[in-house]
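Colleague: FYI, in this note's numbering the residues of the sequence shown are 1 to 228. Heads up, the beta-carbon is just placed ideally off N, CA and C, and yes, glycines get one too. Handing you this structure, nothing more for now.
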Amino acid sequence: MMQSMSTEQLSLAHLVRPPETDGAPDTLPPLLILLHGVRSNEQDLFALIPYLDERFIVVSARAPILMGRNQFGWYHVAFYADHIDRDEAEFEQSRKQLLQFISEAVARYGADPKRVYLMGFSQGSIMSLAVMLTQPELLAGVVVQSGSLPVEVLPIAASPDRLKDFPVLVVHGLYDNVLPIAEGRAIKEYFSQLPVKLDYHEYPMRHEISDQSLDDVCGWLIAQLNRA
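What follows is the structure, given as structure tokens:
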């Protein structure tokens, strides 16, 4: 069963799929929160539902900033030849709003607070990393698809001991025409200096989710649940 929730009920509009299989007795279900890219909406990643583990409560959140008809973003962004400018005030507001939304979703849907995962694409991946780097205790792992390192939060990032053994999956296209492969490799380089459990993969794709990358993402998520 799929439901659509409004901002009157939780702080972010979203879609939700309850778990489609029973977990272990007396065990709360895991929660997977999907964060879409700029100028998209909650319907985008929700289309991946058929491929995601049935044990998850899956929540696909809508970013708070309206950017066009049925188009939303976590912050405004401008692309230049040699750099990318993010609206830092909007970025920080969205990060704080996500922290609130995660707690709300756990309570509202009766999820296991120790098994909350973020899975983002592009701008949604950047926000996933921003939450993970500043409040890792709220999460059990993150999936970063075609993202970049949120340098804005590095001055307030959690200490390395708080990130010990934190599971991170990073996937990126070799031919990404929006966030070049150098962005993915910068994430890899940064996390290689931290005591996280990093899985990093590159694919012959552009700024997209391919069958191969999706297979690896779904397999990684299954492995996380099986280890929990």
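Take Met119 and list the residues in its own chain whose beta-carbon comes closer than 8 Å to its own, dropping the five residues that flank it on each side.
Modeller: Start at 1 with the first residue of the sequence shown, and residue 119 comes out as number 119. Answer for Met119: Leu32, Ile33, Leu34, Leu35, Leu45, Ser128, Val142, Val143, Gln145, Val217 and Leu221, listed in chain order.
Colleague: Buried or exposed for Ile156, going by 16 or more other Cβ atoms inside 10 Å?
Modeller: Here residue 156 corresponds to residue number 156 of the sequence shown, with the count starting at 1. Per the 10 Å Cβ criterion, exposed.
Colleague: Tell me the residue span of the beta strand (DSSP E) that contains Ala78.
Modeller: Indexing the sequence shown from 1 puts residue 78 at position 78. Counting along the chain, the beta strand (DSSP E) containing Ala78 begins and ends at Val77 to Phe79.
Colleague: Going by CA-CA distance only, name the one from Asp165, Asp112, Ser148 and Leu48 that's closest to Gly184.
Modeller: The sequence position of residue 184 within the sequence shown is 184, counting from 1. Checked all of Asp165, Asp112, Ser148 and Leu48; the closest Cα to Gly184 is Ser148.
Colleague: Roughly how many angstroms lie between the CA atoms of Glu8 and Gly110, to the nearest whole one?
Modeller: Within the sequence shown, the letter at position 8 stands for residue 8. Within the sequence shown, the letter at position 110 stands for residue 110. Note on Glu8: pLDDT 49, under 50, position unreliable in the model; no value is reported.
Colleague: Of the choices His76, Ser40 and Tyr75, whose alpha-carbon is the least far from that of Arg69?
Modeller: Against the sequence shown, residue 69 aligns to sequence position 69. Cα-wise, what sits closest to Arg69 is Ser40.
Colleague: What whole-angstrom Cβ distance do Pro136 and Arg162 have, given they're in contact under 8 Å?
Modeller: On the sequence shown, position 136 is the one that residue 136 refers to. On the sequence shown, position 162 is the one that residue 162 refers to. Between Arg162 and Pro136 the Cβ distance is about 5 Å, and since that is below 8 Å, they are a contact.
Colleague: Terminal residues of the continuous alpha helix (DSSP H) containing Leu225?
Modeller: Position 225 of the sequence shown holds residue 225. Unbroken alpha helix (DSSP H) run through Leu225: Asp211 to Arg227.
Colleague: Can you list, in chain order, the stretches of the beta strand (DSSP E) that have 3 or more residues and sit fully within the segment 52-93?
Modeller: Here the runs fully enclosed are 57-61, 65-68, 71-73, 77-79 and 84-86.
Colleague: Whole angstroms are fine: how far does the CA of Gly73 sit from the CA of Met67?
Modeller: Taking the sequence shown and counting its residues from 1, one reaches residue 67 at position 67. Taking the sequence shown and counting its residues from 1, one reaches residue 73 at position 73. Cα to Cα, the separation comes out at about 7 Å.
Colleague: Going by DSSP in three states, Arg17 sits in which element: helix, strand or coil?
Modeller: Taking the sequence shown and counting its residues from 1, one reaches residue 17 at position 17. Correct three-state label for Arg17: strand.
Colleague: Roughly how many angstroms separate the alpha carbons of Pro18 and Val116, rounded to a whole number?
Modeller: By one-based count along the sequence shown, residue 18 stands at place 18. By one-based count along the sequence shown, residue 116 stands at place 116. Computed Cα separation, rounded: 14 Å.
Colleague: What runs of the beta strand (DSSP E), each 3 residues or longer, lie entirely inside the segment 140-202?
Modeller: Listed in chain order, the complete beta strand (DSSP E) runs (minimum 3 residues) inside the segment 140-202 are 141-145 and 167-173.
Colleague: Assign Val38 to one of three DSSP states: helix, strand, or coil.
Modeller: Position 38 of the sequence shown holds residue 38. DSSP places Val38 in coil when its eight states are reduced to three.
Colleague: Can you look up Leu133 in the DSSP assignment and give me helix, strand or coil?
Modeller: Here residue 133 is taken as the residue at index 133 of the sequence shown, counted from 1. The answer is helix: DSSP assigns Leu133 an H, G or I state.
Colleague: Under the three-state reduction of DSSP, which class applies to Gly110: helix, strand or coil?
Modeller: As a first step, residue 110 must be located in the sequence shown, where it is residue number 110. Looking at Gly110 - three-state DSSP - the assignment turns out to be coil, as it is neither helix nor strand.
Colleague: Beta carbon of Gly173, beta carbon of Met132: below 7 Å?
Modeller: For the purposes of this step, residue 173 is identified with residue 173 of the sequence shown, where counting begins at 1. For the purposes of this step, residue 132 is identified with residue 132 of the sequence shown, where counting begins at 1. For Gly173 and Met132, no; Cβs fall outside 7 Å.
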